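Read the structure below first, then the notes.
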Amino acid sequence: MRIVLPVAAAGLAAAVAGVLLTSSASAAEAPPTPVITAPSAKDLQKRLDIALSGDDVAGRTTNASQSASTGATTIDPKIIGGATTTITTAPWMAQLWYGDDRGTDTTTDDIGFFCGGAVVAPTKILTAAHCVKGYDWKAHGAIVTGTSQLATGDDLHGGTVSGVWRQWNHWSYNATTIDNDIAVLTLPNPVKATPIKMITSGNTGSYVPGTQAKVYGWGRTTSTNDEISGTLKTATLPVQSDATCAGAYGADFVKGHMVCAGTPATGSDEGTTSACNGDSGGPLVYGGRIVGVVSWGVEDCVASGAYSVFSKVTSYVGTVYPRIDDTNMDGDHNADLWVRNASTQTGYEIDSRGTSLAARESWGTWSGYNAIVQADLDRDGYQDLIVRRTSDGDVFWKHYVPSSGTWADKLIGDNWKTRLSIVAPGDVTGDDLPDVVSVDSAGALWIYPGKGTGSFGTRVKAGTGWNNFNVVRGHGDFNGDGKADLLARNKTSGAVYLYRGRGVLGSTAFMSGLKVATWSNTTYNAFATVGDVNGDGKADLLARTPAGTLYLYRGNGSTGNVIFSARLSLGTTFKQYDIFA
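Quick note on numbering: the sequence shown equals residues -27 to -1, 1 to 554 in mature numbering (1 follows the signal peptide of the UniProt record, and there is no 0).
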């Protein structure tokens, strides 16, 4: 049978015992404080204590077919044959502790386990779905970052501990086959740990057989007992070909979704270098980017001929990225909509329920603006707004500051009164940081490369002739390649074009336009691109008819020109709104 790689936490205790440029945007609006509750230090310590003393394995599952391909070997991964490393070398490493006392006074029914993970944005942890699926991480999770030592009791060894705000795992994760084994945890507050980037979509060079990648984790260091390492370890593993992996594991190895690495295990600790229990969810790194997430392997990790198996990140980055650069306001991982009533100037949050919308919630009065765009420029998991003041065209980044519980304004554009479009499509340049794009009055398309702080590098021209469009929108990836795209509608013909992002900065940032629809202004007179509205990992489009019906066009990730599934009506009362953010 195949076994995933978290660790029974019972072995843990034994193993580890021995300038801002501010300016007033407007005095009228009153943004609400996000409703986010972070657990107390006492509660986090309780969770750690339960996890440390626990004896559970996250997502443990069996696969009967495994016996046919590996002689009834049990599959399960630790870093055996590795070397100790430091948090300076791997500052993005995270410890994922889960401790649930089940609401009883007895400890016999407690659930406690440990997984690894990697910080991929200030509030985002990339890990394995088998560490997340079926567990309530908001209620019972504790994330430790900033240390190479495992927590021992109340000693974090210089690290910091955080709760979890929300969780997401791949919707097609299969606990039996351990396929699509990838997940993201969102923290309530940013951590200081330096994030690591994910490999880009479509990257094949990092998976060439023989490529020397490194796995990191605190998992078991021997096959002879269940104790895991009290200090962070790493090992270099050569990437293997799909044919080699399939030869070892048969149909259990899913080409395209998985990658295996290492040299064939010898049958004992001696001569074996492998990931193992407790390393689950941790990263496989090559070229400074995550190329794999520790998923599964053989029980005790040293069965002759075995390899460690990882989720192949290049195949999932397009799905994962919307979880990192999102426009979510209510914490459920569906992108939500912000609108303004034309007559009252009241702004409203309208949360997505996947294929429908919840009742609107007031954000107060938002007069004095003629453009508002949703974004998360500092990647802290909190919804930002980019707003343009009508009086002088100044553009501000309006963002929530968790440490103070207040909203702040930062001037990011001076006198953009004549800009035809302002768009926050996500990462255009390929550096994993959100960018801003604008079209000036002459039709030039400009990219403002984001720094992840609400500041930008020197703008770069990415094209001309964009004044031929009366709509330029975009947030996320419309064609499934993991790169941010733009949609633009010709003001004369109504033809809608997809401009596919290349993930580079400069005049070649976008491919030539691909016609995907023809929608004149009498068909739709307002559009919104807020990201992944229905939570399937693909960017979607919202379009309003002149009569006020709002339709959801669900992205299907197609590489052709049919990039949306059949439209769904979200209601008929949207004529009242003059701004769709």
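Backbone N, C-alpha and C define an ideal beta-carbon position, used for all residues, glycine too. These numbers come from a predicted model, not from an experiment.
{"Asked": "For T6 and G378, the rounded distance between their alpha carbons", "Found": "7 Å"}
{"Asked": "L158: first and last residue of the uninterrupted beta strand (DSSP E) it sits in", "Found": "156 to 159"}
{"Asked": "Other residues of its chain near L406: CB distance less than 8 Å, five sequence neighbours each side excluded", "Found": "R352, D400, P422, G423, K424, G425"}
{"Asked": "Separation of G474 from S531, as counted between CA atoms", "Found": "14 Å"}
{"Asked": "From T287, I323, V286, T319, residue whose alpha carbon lies closest to that of D303", "Found": "I323"}
{"Asked": "Beta bridge counterpart(s) of Q185 as assigned by DSSP", "Found": "P211"}
{"Asked": "Residue nearest to A56 in terms of C-alpha spacing, selected from G89, L160, A499, K206", "Found": "K206"}
{"Asked": "S26 (DSSP reduced to helix, strand or coil)", "Found": "helix"}
{"Asked": "Reduced DSSP secondary structure (H/G/I, E/B, other) of T46", "Found": "Only weak support is given to the placement of T46: the predicted model assigns it a pLDDT of 33, under 50, and the question is left unresolved by the model."}
{"Asked": "Q549 classed as buried or exposed, judged by whether at least 16 other C-beta atoms fall within 10 angstroms", "Found": "exposed"}
{"Asked": "Cα-Cα separation, K187 to V181", "Found": "14 Å"}
{"Asked": "Chain C contact for W144 (CB, 8 Å cutoff)", "Found": "Of the protein chains in the structure, only one exists, and it is not chain C."}
{"Asked": "Cβ contact check for the stretch 108 to 123 and the stretch 65 to 81: 3 or more pairs under 8 Å", "Found": "yes"}
{"Asked": "Top-ranked residue by Cα proximity to G203, from G89, S179, W311", "Found": "G89"}
{"Asked": "Inter-residue spacing [alpha-carbon to alpha-carbon] between N176 and Y189", "Found": "21 Å"}
{"Asked": "Cβ distance (whole Å) where K390 is taken to contact G366 below 8 Å", "Found": "3 Å"}
{"Asked": "Element boundaries [beta strand (DSSP E), containing A501]", "Found": "499 to 504"}
{"Asked": "Exposure label - W380; buried when at least 16 CB within 10 Å", "Found": "buried"}
{"Asked": "Length of the line joining the Cα atoms of V444 and G341", "Found": "22 Å"}
{"Asked": "Sequence-distant residues of its chain with Cβ nearer than 8 Å to R333 (five each side left out)", "Found": "V312, Y321, E322, I323"}
{"Asked": "C-beta contact flag for L471 and N452 at 8 Å", "Found": "yes"}
{"Asked": "Chain-order list of residues whose beta-carbon lies under 6 Å from that of G416 (same chain, five-residue window excluded)", "Found": "T437, G438, W439, N440"}
{"Asked": "Where Y355 falls: helix, strand or coil (DSSP)", "Found": "coil"}
{"Asked": "With 16 other Cβ atoms within 10 Å as the buried cut-off, status of S364", "Found": "exposed"}
{"Asked": "Three-state secondary structure assigned by DSSP to R540", "Found": "coil"}
{"Asked": "First through last residue of the alpha helix (DSSP H) which encompasses V445", "Found": "V445 -> not in any alpha helix (DSSP H); beta strand (DSSP E) instead, spanning 442 to 446."}
{"Asked": "Range covered by the alpha helix (DSSP H) that runs through R473", "Found": "Per DSSP, R473 belongs to no alpha helix (DSSP H) and is neither H nor E."}
{"Asked": "Check whether F283 and V266 have beta carbons under 8 Å apart", "Found": "yes"}
{"Asked": "Three-way DSSP call (helix, strand, coil) for S288 in this model", "Found": "helix"}
{"Asked": "Bridge partner(s) assigned by DSSP for N147", "Found": "D152"}
{"Asked": "6 Å Cβ shell around P163 - same chain, five flanking residues per side excluded", "Found": "P95, T96, D353"}
{"Asked": "Nearest-angstrom Cβ-Cβ length linking I263 and I116, presumed shorter than 8 Å", "Found": "Between I116 and I263 the Cβ distance is about 17 Å, and since that is not below 8 Å, they are no contact."}
{"Asked": "Spatial distance of K464 from G447 (CA atoms)", "Found": "17 Å"}
{"Asked": "First through last residue of the alpha helix (DSSP H) which encompasses W110", "Found": "110 to 113"}
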